[in-house]
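**Student:**
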Amino acid sequence: MKRQFPKFIAFFIAVMVSTMLQAAPFIGTYVVGSGETYTSLNSIINAMNTEGTSGHVTIKIKDGTYTQNINISGISTLSETSTLTIESNSGSASNVILRSANSYTLYTYNVSHISFKNLTFVQPYLYQRCLYINYSNNIEFDNCVITGTTYNSSSTSYSAIYLANRCDDFTLKNCNVTEGSYGLYSTSSAKNMMIDNCTFKDHYYGLRIYYANDLTFSNNTVSNISSQGTYFYNITDIDVNNNNISSSSYNYIQNCRASSNGQAIFTNNIFHSTNSYGIRLSSTNSDLEFYHNTFLSNSSYGFYVSSTTIDMVFKNNLVATNNCTYAMRVNEGDLQNADIDYNAYSNSSPSCDPMYNGNNLSFEEWKSITGFDMNSVYGQANFVSFPADPKPQNGLFVNICNPIAGITKDINGV
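Numbering (this note's numbering), first residue to last: 3 to 416.
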């Protein structure tokens, strides 16, 4: 017995040390993949759920294709001083492909302060979302490729990116998003959302964002969209700038506004529709500002105000249709206290009335009746290569703009 007692003590100490090591919270850098302690993302996330974090953590994923439904939920120790970064070990998104096994590709719930960098997310199944972000704050995707289902439908169940239930401080930047019923769909009532320098392509709907506060949508390209390109609904303080948006149906601004200390501003954008209005304003919008934008339709109105719009400023914009219809249509009485001037309007023929305000109006009648556009012009617009590249170029509308403080470049960067 005396000989066995030291063995028992040694065994007990070994167990305690092992337990202490296993229970240590995560901090620092970990490599995931073949030959490592953690061979999959879920395996290290499950351990992190149990053991927590005690500082900044970086997970580097080795090159390869990983097929699983990634679930990141309930890591309560994540915070501003204890963040989680998940990235490609090689620094290339094309080298790490995360594929769904049979459901969502990535699901987050009740977590915060997570960054995903240089990764490819793929949804190979027809009837599933790719990224599902739920009750998650301070989530960032940077330089990622996000490929949704090829199922072309209006259902949100097949979105490439789906945000639900209050996802504040969401950032999507330098990402390439393709396929899926929506490129991005958000009903999360998010605060401080930023989408910058991304491409959205081959969706049924481009982006639909509801009930956000402080949204920045900048330097993005939206193309080959079967229905609406962008849909902004009930947003307070919105900055939409330097985007090129092309879709089959119209772009939509509904019930948006500026707060007392904020702005609802649209600058240097191209809104182009092949089969509907360039853009439509609906419900009650207030304090919207439009500067240096191009609103273009192949077949209908370039700019359509269909309901009450209060205190709108509309200057230095090009509004055009490639059809014999109105470049600008406003239902009579819908514009309240508007400031509209220094714009350029174009339609397919001088014999077609370019304006509407309860009745068809010539450009001179529009100015006389409304008092708008006293320094604006009407004529034939020139584009780089219509409809492939609808950027405006030199022509009738050169040098008529009134300088706007803080806006120093146009859509062409000059």
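Ideal placement from N, C-alpha and C gives every residue a C-beta, glycine not left out. Just so it is clear, the structure is predicted and the values come from calculations on it, not from any experiment.
Using 8 Å as the Cβ pair cut-off and three pairs as the minimum, do the segment 100-110 and the segment 78-88 touch?
**Tutor:** Inter-segment contact for the segment 100-110 and the segment 78-88 is absent: fewer than three beta-carbon pairs are separated by less than 8 Å.
**Student:** If you count every other CB in all the chains shown that lies within 10 Å of the CB of K317, and 16 or more means buried, which is it?
**Tutor:** The residue given as residue 317 occupies position 315 in the sequence shown. Its Cβ being crowded by 16 or more others within 10 Å, K317 is buried.
**Student:** At the level of alpha carbons, what is the spacing between N194 and F172?
**Tutor:** By 1-based counting over the sequence shown, the position of residue 194 is 192. By 1-based counting over the sequence shown, the position of residue 172 is 170. Distance between the alpha carbons of N194 and F172 is about 7 Å.
**Student:** Return the CA-CA distance between V379 and F219, expressed in angstroms with no decimal places.
**Tutor:** Locating residue 379 in the sequence shown gives position 377, counting from the first residue. Locating residue 219 in the sequence shown gives position 217, counting from the first residue. Those two C-alpha atoms are separated by around 29 Å.
**Student:** Output yes or no for whether 8 Å exceeds the beta carbon distance between N215 and D198.
**Tutor:** For the purposes of this step, residue 215 is taken as residue 213 along the sequence shown, with counting starting at 1. For the purposes of this step, residue 198 is taken as residue 196 along the sequence shown, with counting starting at 1. Cβ atoms of N215 and D198: not closer than 8 Å.
**Student:** Between the segment 250-269 and the segment 356-376, are three or more C-beta pairs nearer than 8 Å?
**Tutor:** Taking a contact to require three or more Cβ pairs closer than 8 Å, the segment 250-269 and the segment 356-376 do not qualify as touching.
**Student:** Roughly how many whole angstroms lie between the Cα atoms of S225 and N324?
**Tutor:** Numbered from 1 along the sequence shown, position 223 holds the residue referred to as residue 225. Numbered from 1 along the sequence shown, position 322 holds the residue referred to as residue 324. When rounded, the separation of the alpha-carbon atoms in S225 and N324 is 19 Å.
**Student:** Within its chain, find whatever has a CB closer than 6 Å to the CB of N349; leave out the 5 residues flanking it on each side and keep chain order.
**Tutor:** As a first step, residue 349 must be located in the sequence shown, where it is residue number 347. Only residues of its own chain outside the window of five on either side were considered, and among them T323, A329, P356 have a CB closer than 6 Å to the CB of N349, listed in chain order.
**Student:** When you compare the CB of Y328 with every CB in chain D, is at least one pair closer than 8 Å?
**Tutor:** This model lacks chain D altogether; it includes just one protein chain.
**Student:** Taking the C-alpha atoms as reference points, what is the distance between N404 and Y344?
**Tutor:** Indexing the sequence shown from 1 puts residue 404 at position 402. Indexing the sequence shown from 1 puts residue 344 at position 342. Each residue's alpha carbon lies about 6 Å from the other.
**Student:** My understanding is that E163 touches I148, with C-beta atoms under 8 Å, so please give their C-beta distance in whole angstroms.
**Tutor:** Here residue 163 refers to the residue found at position 161 of the sequence shown. Here residue 148 refers to the residue found at position 146 of the sequence shown. The amino acid occupying residue 163 in the given sequence is Ile; Glu does not appear at that position. Contact flag correct, Cβ pair sits at about 6 Å.
**Student:** Going by DSSP, which residues form a beta bridge with I211?
**Tutor:** Position 209 of the sequence shown, counted from the start, is the residue given in the question as residue 211. Answer is S188, F234.
**Student:** Return the chain-ordered ranges of every alpha helix (DSSP H) run that is complete within the segment 323-398 and spans a minimum of 4 residues.
**Tutor:** Within the segment 323-398, the alpha helix (DSSP H) runs of at least 4 residues that lie entirely inside it are, in chain order, 365-372.
**Student:** List, from N- to C-terminal side, the alpha helix (DSSP H) runs of 4 residues or more that fit wholly inside the segment 16-104.
**Tutor:** 43-53
**Student:** Could you give the distance in angstroms between the alpha-carbon of F28 and the alpha-carbon of A49?
**Tutor:** As a working note, residue 28 is residue 26 in the sequence shown. As a working note, residue 49 is residue 47 in the sequence shown. Approximately 9 Å between the Cα atoms of the pair.
**Student:** Going by other Cβ atoms of all chains shown within 10 Å of its Cβ, with 16 needed for buried, is N1 buried or exposed?
**Tutor:** Absent from the model: residue 1. The displayed extent of the chain is 3 to 416, so no value can be given.
**Student:** If you follow the beta strand (DSSP E) that F267 is part of, which residue opens it and which one closes it?
**Tutor:** Counting from one through the sequence shown, the residue named residue 267 turns up at place 265. Contrary to the premise, residue 267 reads as Ile rather than Phe in this sequence. Residue range 266-269 is occupied by the beta strand (DSSP E) that includes I267.
**Student:** Between A26 and the rest of its own chain, which residues show a CB-CB distance below 7 Å, the 5 nearest in sequence each way excluded?
**Tutor:** For the purposes of this step, residue 26 is taken as the residue at position 24 of the sequence shown. Around A26: E53.
**Student:** Output the distance between the C-alpha atoms of S299 and I247, rounded to the nearest integer angstrom.
**Tutor:** On the sequence shown, residue 299 is found 297 positions in, with the first residue counted as 1. On the sequence shown, residue 247 is found 245 positions in, with the first residue counted as 1. Rounded to the nearest angstrom, the two C-alpha atoms are 12 Å apart.
**Student:** Closer than 6 Å by C-beta to T201: which residues in its own chain qualify, once you throw out the five before and the five after it? Chain order, please.
**Tutor:** Position 199 of the sequence shown holds residue 201. Taken in chain order, the residues that qualify are N178, T223.
**Student:** Can you tell me which of the three DSSP states T158 falls into?
**Tutor:** On the sequence shown, position 156 is the one that residue 158 refers to. Note: T158 maps to helix in three-state DSSP.
**Student:** Evaluate Q382 with the Cβ neighbour count: other Cβ atoms within 10 Å of its Cβ, from every protein chain shown; 16 or more gives buried, anything less gives exposed.
**Tutor:** On the sequence shown, residue 382 is found 380 positions in, with the first residue counted as 1. By the 10 Å Cβ count, Q382 comes out exposed.
**Student:** Return the residue from the list D313, A266, I272 that minimises the CA-CA distance to F388.
**Tutor:** Here residue 388 refers to the residue found at position 386 when the sequence shown is read from its first residue. When each option's Cα is compared against that of F388, the closest is I272.
**Student:** For T232 and L217, which I take to be in contact (beta-carbon distance under 8 Å), what is that distance rounded to the nearest angstrom?
**Tutor:** By one-based count along the sequence shown, residue 232 stands at place 230. By one-based count along the sequence shown, residue 217 stands at place 215. That pair is no contact at about 11 Å.
**Student:** Whose CA, out of A166, Y153, F118, lies closest to the CA of T180?
**Tutor:** The residue labelled residue 180 in the question sits at position 178 within the sequence shown. Closest option to T180, Cα to Cα, is Y153.
**Student:** Does the Cβ-Cβ distance between T190 and N167 come in under 8 Å?
**Tutor:** Taking the first residue of the sequence shown as 1, we reach residue 190 at position 188. Taking the first residue of the sequence shown as 1, we reach residue 167 at position 165. For the record, residue 190 in the displayed sequence is Ser; it is not Thr. Cβ distance < 8 Å, so S190 and N167 count as in contact.
**Student:** What number of angstroms, rounded off, separates the C-alpha of A16 from the C-alpha of L128?
**Tutor:** What you label residue 16 is simply residue 14 of the sequence shown in a count that begins at 1. What you label residue 128 is simply residue 126 of the sequence shown in a count that begins at 1. With a pLDDT of only 46 at A16, under the threshold of 50, the placement of this residue in the model should not be trusted; the figure read from the coordinates follows. When rounded, the distance between both Cα atoms is 51 Å.
**Student:** Out of T69, S302, E291, I46, state which residue places its alpha-carbon closest to the alpha-carbon of T60.
**Tutor:** Counting from one through the sequence shown, the residue named residue 60 turns up at place 58. Residue I46 is the option with its Cα nearest to T60.
**Student:** Throw me the rounded Cβ distance for the S302 and S278 pair, which I believe falls under 8 Å.
**Tutor:** As a working note, residue 302 is residue 300 in the sequence shown. As a working note, residue 278 is residue 276 in the sequence shown. Indeed they touch by this definition, with Cβ atoms about 5 Å apart.
**Student:** So, with DSSP's three-state summary, where would you put N246?
**Tutor:** As a first step, residue 246 must be located in the sequence shown, where it is residue number 244. N246: strand per DSSP, three-state reduction.
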